[in-house]
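Undergrad:
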Amino acid sequence: MLPTLLESCPILKSIVLDLTRPTIATEQITVSSAVPQCLLSSLEFVEIKCCCKGEVVAMKLPNYFAENSVFLKKLVLRWSGYVLEEDSVLRELLALSWRSSRREIEVFVPLKRTCTWVRNQAELNDK
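The sequence shown runs 1 to 127 under the UniProt record's numbering.
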């Protein structure tokens with residue numbers, strides 16, 4: 001369904017994927033190997049909302065948008081019901097291979113413990 005949606009909107013500027021309903025099976029979300037036109041020409045903002053622990057939402061979708069969106073400026077991830085055991089997922093998100101030269105990522109997720117690595121990175125960026 002996601003590839004069809006993206007392909008049918010060639011000048012899409014923003015998209016919010018709300019995957020918080022229990023009826024949505026995130027494991028069944030697929031991405032196309034052919035990059036839709038909107039990712040090459042217009043998509044600037046992506047927000048992904050999810051309440052599951054699936055790897056598709058944790059890394060596959062953010063990675064897909066980061067790697068394929070030429071003009072993506074902001075990626076927002078809102079995970080409720082997903083508790084990070086370690087900061088490894090956050091590190092992976094920060095290390096994504098972005099196609100766009102201008103980018104910002106925001107992650108909203110309940111942490112099991114304080115994520116000192118991300119806080120230290122933010123402090124370094126402020127200096």
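C-beta atoms are modelled at their ideal positions from N, C-alpha and C, and glycine is treated no differently.
Can you grab the Cα-Cα spacing for the pair Ser14 / Leu39, in whole Å?
TA: 10 Å
Undergrad: Return the chain-ordered list of same chain residues with a C-beta closer than 8 Å to the C-beta of Thr20, the five sequence neighbours on each side being excluded.
TA: Excluding positions up to five away in sequence, the list reads Lys49, Cys50, Cys51, Ser80.
Undergrad: Measure the alpha-carbon distance for Glu67 versus Val109 and round it to whole angstroms.
TA: 22 Å
Undergrad: Could you check the C-alpha separation between Val70 and Val46 for me, to the nearest Å?
TA: In a straight line, the C-alpha of Val70 is about 13 Å away from that of Val46.
Undergrad: Considering only C-alpha positions, which residue in the set Ser8, Met1, Leu43 is nearest to Arg102?
TA: Leu43
Undergrad: Give me the residue from Val35, Leu2, Ala95, Glu106 with the minimum Cα distance to Asp18.
TA: Leu2
Undergrad: Please return the same chain residues whose Cβ sits closer than 6 Å to the Cβ of residue 129, not counting the five positions on each side in sequence.
TA: A question about residue 129 goes unanswered here, because the residues of the chain that appear run from 1 up to 127.
Undergrad: Near Ser32, what residues of its chain come up, given a Cβ to Cβ distance below 6 Å and the 5 sequence neighbours on each side ignored?
TA: Pro3
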